[in-house]
Amino acid sequence: MRCLFVSRAKVIILLAGLIGLGAGFGAFYWTGGLSGNAGVQACSAAQPVSARLSPFARGEVAAFKVTERPQPSPNLVFKAADGRELKLSDFRGRTVLLNLWATWCVPCRHEMPALDKLQATLGGANFEVVAVNIDTRHPDKARAWLREAGIRHLADYSDHSAKIFQELRSVGRAFGMPTTLLIDPQGCELGHLPGPAEWASDDALNLIRAAITP
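In UniProt numbering, the protein residues as written are 1 to 214.
Spelled out as structure tokens, the structure:
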């Protein structure tokens, strides 16, 4: 597992490389749900939403890759702060920005305040930033870091087995850290962004608003 700490221009170059890598492996199909044509049909309502996001993948979120044929996202499992097991399907009914982060990942830590601000600005009944920590050692370290960094608006989610990262990597969505997916209220992927981004920027806010606007 590696950390992606690069400039915006380098992120764009990296994204181009990842797209090429994906082409070499052929089409990716989600696990834990429908795949292929069945998956596309299940997510047909998400297609016009993903299509309207393309003009907003620019500036600080230029590396955001719109999913042209939305598929159901894997029903990922992680835990709440009180130890309760949660699944991605528990968030149905709201758009989710799923972010995987770790305390050992410098760019992850760098973008957490912006994700916190994004949640404070747009979070509510129809949108949530779901930032999942995947530190595999010293599970309390992440919680302590969040307090020290003044992160107040993000819920404390974690998967200390890091299985969530492996599941996303198996479907071509996690080559490094951080990694972020935008998922619609029905659990269909609208797009993803490998590496860091300025999630509190106007560009990011416009992208998310375009996703959550009815």
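Just so you know, even glycine gets a beta-carbon here, dropped at the ideal spot from N, CA and C.
Quiz item: What do you reckon, are the CB atoms on L88 and G187 nearer than 8 Å?
Solution: Their beta carbons are under 8 Å apart, which means L88 touches G187 by this criterion.
Quiz item: Can you tell me the Cα-Cα spacing of P214 and G150, whole angstroms?
Solution: G150 has its alpha-carbon roughly 32 Å from the corresponding atom of P214.
Quiz item: Start and end of the beta strand (DSSP E) containing E189?
Solution: Element bounds for E189: E189 to P194.
Quiz item: Helix, strand or coil: how does DSSP classify P113 here?
Solution: The three-state secondary structure of P113, taken from DSSP, is helix.
Quiz item: Relative to the alpha-carbon of K79, which residue among R92, D156, S201 and A197 has its alpha-carbon at the smallest distance?
Solution: Measuring from the Cα of K79, the nearest candidate turns out to be D156.
Quiz item: What did DSSP end up calling A210 once you bin it into helix, strand or coil?
Solution: In the three-state reduction of the DSSP assignment, A210 falls in the helix class.
Quiz item: Would S201 pass as a contact of E60 if the rule is Cβ separation under 8 Å?
Solution: Taking 8 Å as the Cβ cut-off, S201 and E60 qualify as a contacting pair.
Quiz item: Who are K79's beta bridge partners in DSSP?
Solution: Answer by DSSP bridge pairing, in chain order: E85 and S158.
Quiz item: If you draw a straight line from the C-alpha of A174 to the C-alpha of F91, how long is it?
Solution: Roughly 21 Å separates the two Cα atoms.
Quiz prompt | Spatial distance of D203 from A57 (CA atoms) | solution = D203 and A57: Cα-Cα distance of roughly 8 Å.
Quiz item: What distance in whole Å lies between the Cβ atoms of D159 and T95, which are believed to be in contact at a cut-off of 8 Å?
Solution: The pair is not a contact, with the Cβ atoms about 21 Å apart (cut-off 8 Å).
Exercise. Tell me whether the beta-carbon of residue 217 lies closer than 8 Å to the beta-carbon of E189.
Key: Any answer about residue 217 is impossible in this case: the structure gives the chain only from 1 up to 214.
Self-check item: Residue from C43, C3 and F64 with nearest C-alpha to N206
Solution: N206 has its Cα closest to that of F64, out of C43, C3 and F64.
Quiz item: Would the beta-carbon of V129 fall within 8 Å of that of L115?
Solution: The answer is yes: Cβ separation under 8 Å.
Quiz item: Roughly how many angstroms lie between the CA atoms of V49 and E68, to the nearest whole one?
Solution: Note on geometry: alpha-carbon atoms of V49 and E68 lie some 10 Å from one another.
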